[in-house]
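Sequential numbering of the sequence shown, starting at 1, is according to UniProt numbering.
We treat Cβ as the ideally placed atom computed from N, Cα and C, and that holds for glycine.
Working notes, structure below.
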Amino acid sequence: MRILTALALAIGAAAQDGALIELDGSGTTNPSKYFWEVGSIFMARAKPAVRITYRAVGSSTGQYEFMGNTDDDPLAVNAHEGGAYNDFGSGDMPFPKDKYDAMRSAGVEVLHVPFALGAMAFFDNVPADYQPDNGLKLTACVLADIFNGVITTWDDEAILEIQDGDFDPPSGEKIVVYHRTYGSSTTKGITQYLHAACPDKWPADKVGSKIDWPASTFNVEGSGQMSAMIAATEWSIGYIDSGHGIEDGLHEIALQNKDGNYWTTSASIAQGGVQMAAEEALKTGVMPDDPAADFSEVSLHNMPGETTWPIVAISYMYIREDQTGNNKKGPLLKAWVEFVLSPRGQEMVKLYNFQPVPADVLEMAQKAIGMMKTDDEPEWTFVPRAASYSSTDAFDRLAQQ
């Protein structure tokens, strides 16, 4: 890819023993292609050789593996014989408070490192002949009634009155509602939004990565199946990360934000509306300014602002602060975090339909690099290929400092 052509990996001075250094991450599917690209850069440029893998298994599984959990006790920490199953985790949701507290009680300090922002959106398959000129518009309360099974047809007055007379579906046309199954960070995001924006219709007990849905709705597994089922089913509605849905050619529904304005994700992003949500969260204390703090209450949903997108997800890396005992893995993981948070790493997230975190959030996230404690092993240093490059633009070999 053209922005990678300048990259090479270089480091300090003396030679190392040449043994393969391996890292394994796991978690959310959404940024998996981004992680694979970053991993390919490291593996292509690093000397001595490294092997970096990332398994797209979902946010909940990424947290499970990070804790070193077992099926017998969801709050167990390091119950697996080797401790954590992964070297780092990733998720589009923070650790719940009970799991965060369990890790701290077990002496594990988890660092939440936000590295990308994504917009979640609702999509429909209203046939082209019936689509309003500028697409459908819906409020959180109308969406809550649709996903609760209260509004069941497209000609419901609550839907029609929002469209300004520009929508005339067939009488009694049923709404086919799709939702994710299993532990989905997207489900948690949209249910947090519905509760934040319309608590009377979507109470707190219906917020989560896996909830009870009306029998009239239909289960789908994963973002890929959600997109495929919406595309294949006329008069359907569902939710997915916006980049995925737009890339697949689905019709996006314009949502009303907290300030009362209707936006699609592309229009909001053009106005800085996704990053605005994160800036507001940090400024108001919704997001902590310490990566080691409890992030369980962090939500960027229904934040104020004229152009703010109302459903914004944060993609986190989960990092264990104490990397001692991991030998050469610790410094490599530290370099991984440094690159992801570098100007080049942040620019790359745009290629995968994410937005970089804003400057103040990035500054908070970068604190994690200095907090990581590693063994007395050679550190990775990014050395520019030429004076015109920054240190993370070009790097080509690893040596002991």
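Could you give the first and the last residue of the continuous beta strand (DSSP E) run that contains Val176?
Residue mapping note: residue 176 aligns to position 176 of the sequence shown, counting from 1. Per DSSP, Val176 belongs to the beta strand (DSSP E) from 176-180.
Return helix, strand or coil for Val220, following the three-state DSSP convention.
The residue labelled residue 220 in the question sits at position 220 within the sequence shown. Residue state, collapsed to three classes: strand.
Measure the C-alpha to C-alpha separation of Ser171 and Asp133 and round it to an integer number of angstroms.
Within the sequence shown, the letter at position 171 stands for residue 171. Within the sequence shown, the letter at position 133 stands for residue 133. Using only the alpha carbons, I get a separation of about 20 Å.
May I ask which residues mark the beginning and end of the beta strand (DSSP E) holding Ala140?
The residue given as residue 140 occupies position 140 in the sequence shown. Run containing Ala140: none in the beta strand (DSSP E); it sits in the alpha helix (DSSP H), 140-147.
Inspect the beta-carbon positions of Val113 and Arg320 and report whether they are closer than 8 Å.
The residue labelled residue 113 in the question sits at position 113 within the sequence shown. The residue labelled residue 320 in the question sits at position 320 within the sequence shown. Cβ distance not < 8 Å, so Val113 and Arg320 don't count as in contact.
Do you know how far the Cα of Trp263 is from the Cα of Met120?
Indexing the sequence shown from 1 puts residue 120 at position 120. Indexing the sequence shown from 1 puts residue 263 at position 263. Taking the straight line joining both Cα atoms gives about 12 Å.
Nearest candidate by alpha-carbon position, reference Ala84, set Ala277, Asn257, Tyr318
As a position in the sequence shown, residue 84 is number 84, starting the count at 1. Looking at the Cα atoms, Tyr318 is the closest of the given residues.
Proximity to Val38 [Cα-Cα], best of Ser342, Gln355, Ser227, Pro378:
For the purposes of this step, residue 38 is taken as the residue at position 38 of the sequence shown. When only C-alpha atoms are compared, the closest one is Ser342.
In its own chain, which residues sit with a C-beta less than 8 Å from the C-beta of Gly305, not counting the 5 before and 5 after it?
Taking the sequence shown and counting its residues from 1, one reaches residue 305 at position 305. Closer than 8 Å at Cβ, skipping near neighbours: Asn257, Lys258, Asp259, Gly273, Met276, Ala277, Glu280.
According to DSSP, is Lys328 part of a helix, a strand, or is it coil?
For the purposes of this step, residue 328 is identified with residue 328 of the sequence shown, where counting begins at 1. Coil.
Please list, in chain order, all residues of the same chain as Phe66 whose beta carbon is under 7 Å from its beta carbon, the five residues on each side excluded.
Taking the sequence shown and counting its residues from 1, the one referred to as residue 66 is at position 66. Correct list, in chain order: Ala84, Asn86, Gly89, Tyr318.
May I ask you to list the residues that DSSP assigns as paired with Phe122?
Locating residue 122 in the sequence shown gives position 122, where the first residue counts as 1. For Phe122, which the question treats as bridged, DSSP gives the partners Tyr239.
What number of angstroms, rounded off, separates the C-alpha of Phe95 from the C-alpha of Gly189?
Here residue 95 is taken as the residue at index 95 of the sequence shown, counted from 1. Here residue 189 is taken as the residue at index 189 of the sequence shown, counted from 1. Straight-line Cα distance between these residues: approximately 14 Å.
Is any heavy atom of the ligand NAP found at a distance shorter than 7 Å from the C-beta of Gly243?
This structure does not include the ligand NAP; it has no bound ligands of any sort.
Under the rule that 16 or more other beta-carbon atoms within 10 Å means buried, what is Asn69, buried or exposed?
What you label residue 69 is simply residue 69 of the sequence shown in a count that begins at 1. Asn69 is buried by the Cβ-count criterion.
Using 8 Å as the threshold, is the C-beta distance between Ser59 and Gly25 below it?
Taking the first residue of the sequence shown as position 1, residue 59 is located at position 59. Taking the first residue of the sequence shown as position 1, residue 25 is located at position 25. Against a cut-off of 8 Å, the Cβ pair of Gly25 and Ser59 comes out as no contact.
In or out: Glu157 buried (at least 16 other Cβ within 10 Å) or exposed?
For the purposes of this step, residue 157 is identified with residue 157 of the sequence shown, where counting begins at 1. It counts as exposed.
How big is the Cα-Cα spacing for Lys210 and Lys99?
Sequence index remark: in the sequence shown, residue 210 carries index 210 (1-based). Sequence index remark: in the sequence shown, residue 99 carries index 99 (1-based). If you take the alpha carbons of Lys210 and Lys99, they lie about 17 Å apart.
Hey, is the stretch 142-156 in contact with the stretch 366-381, meaning 3+ C-beta pairs nearer than 8 Å?
no
Residues near Ala365 by beta carbon distance below 7 Å, same chain, minus five either side:
In the sequence shown, counting from the first residue as 1, residue 365 sits at position 365. So the qualifying residues of the chain are Val113, Pro114, Phe115, Pro291, Leu341, Val357.
Whole angstroms is fine: what's the gap from Pro331's alpha carbon to Gly370's?
Position 331 of the sequence shown, counted from the first residue, corresponds to residue 331. Position 370 of the sequence shown, counted from the first residue, corresponds to residue 370. Spanning the two alpha carbons is a distance of roughly 11 Å.
Residues bridged to Asp322 (per DSSP):
Position 322 of the sequence shown, counted from the start, is the residue given in the question as residue 322. Lys373.
Cα-Cα, which of Phe122, Pro127, Leu75, Asp124 is closest to Ser105?
Position 105 of the sequence shown, counted from the first residue, corresponds to residue 105. Out of Phe122, Pro127, Leu75, Asp124, Leu75 has the C-alpha closest to the C-alpha of Ser105.
Rounded to whole angstroms, what is the Cα-Cα separation between Ala44 and Trp380?
Along the sequence shown, read from residue 1 onward, the residue named residue 44 stands at position 44. Along the sequence shown, read from residue 1 onward, the residue named residue 380 stands at position 380. Taking the straight line from one Cα to the other gives about 15 Å.
DSSP on Ser299, reduced to helix/strand/coil?
Within the sequence shown, the letter at position 299 stands for residue 299. If DSSP states are grouped into helix, strand and coil, Ser299 belongs with coil.
Quick one, are the C-beta atoms of Val176 and Phe123 less than 8 Å apart?
Start at 1 with the first residue of the sequence shown, and residue 176 comes out as number 176. Start at 1 with the first residue of the sequence shown, and residue 123 comes out as number 123. The answer is no: Cβ separation not under 8 Å.
Which two residues bound the contiguous beta strand (DSSP E) that contains Tyr54?
Taking the sequence shown and counting its residues from 1, one reaches residue 54 at position 54. Residues 50-56.
CA-CA distance, Pro288 and Asp294?
In the sequence shown, residue 288 corresponds to position 288, counting from 1. In the sequence shown, residue 294 corresponds to position 294, counting from 1. So the alpha carbons of these two residues sit roughly 8 Å apart.
7 Å CB neighbourhood of Gly245 in its chain, flanking five on each side removed
Numbered from its first residue, the sequence shown carries residue 245 at position 245. Result list for Gly245: Ala121, Phe123, Ser227, Glu252, in chain order.
Measuring alpha carbon to alpha carbon, tell me which of Arg51, Asn30, Lys33 ends up nearest Glu22.
As a working note, residue 22 is residue 22 in the sequence shown. It is Arg51.
How many angstroms separate the CA atom of Ala270 from the CA atom of Tyr34?
Sequence index remark: in the sequence shown, residue 270 carries index 270 (1-based). Sequence index remark: in the sequence shown, residue 34 carries index 34 (1-based). If I take the Cα positions, the gap works out to 22 Å.
Output the boundary residues of the beta strand (DSSP E) element that contains Glu81.
Locating residue 81 in the sequence shown gives position 81, counting from the first residue. Premise fails: Glu81 is in no beta strand (DSSP E) and is neither H nor E.
How big is the Cα-Cα spacing for Phe382 and Pro48?
The residue you call residue 382 lines up with position 382 of the sequence shown. The residue you call residue 48 lines up with position 48 of the sequence shown. Using only the alpha carbons, I get a separation of about 14 Å.
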